Amino acid sequence: MFTIAILISDGFDEWAVKGSKPFFKAHNFKTHLISPKDGEFVRSWTYKDWGSSYAIDRHIKKADPKLYDALLMPGGALSVDNLRTNAEVLAFVDHFIKEQKPIGTLCHGIWPLVELGFVADRKLTSVKTIKTDIDNAGGIWINESSVRDGLLVTSRTSEDLEEFLSLFNSTLESTLANASASEVNR
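Those letters in the sequence shown? Residues 96 to 281, by the working numbering.
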């Protein structure tokens, strides 16, 4: 079964995770919530206040990126600001870049890719407040609900979640089809 790592920390956008997990399950994808936070739970953010707590499936120290087929980084400025400064998180994310696995980001979720220098010359979108960060990193920011550049799928906010999930799903499905074709040709 295709498994998606969802990388979060305290302050992640609850709507992005709450909407994506059932979507992926309905499309026969398994998901794991992965976090650098110590403890068993991570707290979400709901625009103005703390939201629900979610059980962590794997701590970043115990998560082997080789076991995951794709990566999703939801937004939430608090969460992603923590993720982009964590060396273990960046090493985990870098695996998906080097192995050319699908990566999806929403809102501020692009920040770890900015830190790793992955956005240069790529078309993408994000929440408008970090457009300057992307421009300064050499990215090509586009004000559209969702943008695909190769295996990278980005979205502005969780308000664009439905379109993002559709585009990310088509990326995952084509990756699966290509992997199946490669196996048959061996």
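For each residue, glycine too, the CB sits at the ideal point set by N, CA and C. Bear in mind the structure is a predicted one, so any value in this text is a computation, not a measurement.
Opposing strand residues paired with residue i [DSSP bridges]
i: residue 154; result: 130
i: residue 198; result: 166, 247
i: residue 218; result: 235
i: residue 125; result: 98
Collapsed DSSP secondary structure at residue i in the structure displayed
i: residue 118; result: helix
i: residue 161; result: helix
i: residue 146; result: strand
i: residue 108; result: strand
i: residue 279; result: Unreliable placement is indicated for residue 279, whose pLDDT of 47 sits below 50; the coordinate value is still reported in the next sentence. In the structure shown, residue 279 sits in a helix (DSSP, three-state: H, G or I).
i: residue 241; result: strand
i: residue 260; result: helix
i: residue 171; result: coil
i: residue 212; result: coil
i: residue 252; result: coil
For residue j and residue i, the rounded distance between their alpha carbons
i: residue 280; j: residue 274; result: Confidence at residue 280 is low in this model, with a pLDDT of 49, below 50, so the placement of that residue is unreliable and no value is reported for it.
i: residue 231; j: residue 218; result: 14 Å
i: residue 186; j: residue 246; result: 18 Å
i: residue 132; j: residue 224; result: 26 Å
i: residue 147; j: residue 235; result: 34 Å
i: residue 104; j: residue 182; result: 14 Å
i: residue 52; j: residue 252; result: Not covered by the structure: residue 52. The range shown for the chain is 96 to 281.
i: residue 255; j: residue 240; result: 6 Å
Of the listed residues the options, nearest to residue i (C-alpha basis)
i: residue 173; options: 240, 207, 135, 140; result: 140
i: residue 177; options: 198, 203, 196, 190; result: 203
i: residue 193; options: 179, 206, 166, 175; result: 166
i: residue 162; options: 247, 127, 216, 108; result: 127
i: residue 99; options: 152, 185, 182; result: 152
i: residue 215; options: 106, 244, 190, 119; result: 244
i: residue 121; options: 272, 269, 264; result: 264
i: residue 198; options: 96, 125, 267; result: 267
i: residue 114; options: 272, 144, 261; result: 261
i: residue 184; options: 208, 124, 96; result: 208
i: residue 138; options: 221, 228, 118, 102; result: 102
i: residue 156; options: 145, 168, 188, 171; result: 188
i: residue 143; options: 110, 125, 154; result: 110
i: residue 159; options: 129, 221, 179; result: 129
Start-to-end residues for the alpha helix (DSSP H) that takes in residue i
i: residue 191; result: 182-193
Residue interval of the beta strand (DSSP E) (run including residue i)
i: residue 139; result: 136-140
i: residue 56; result: Beyond the ends of the chain as shown, which are 96 and 281, falls residue 56; an answer cannot be given.
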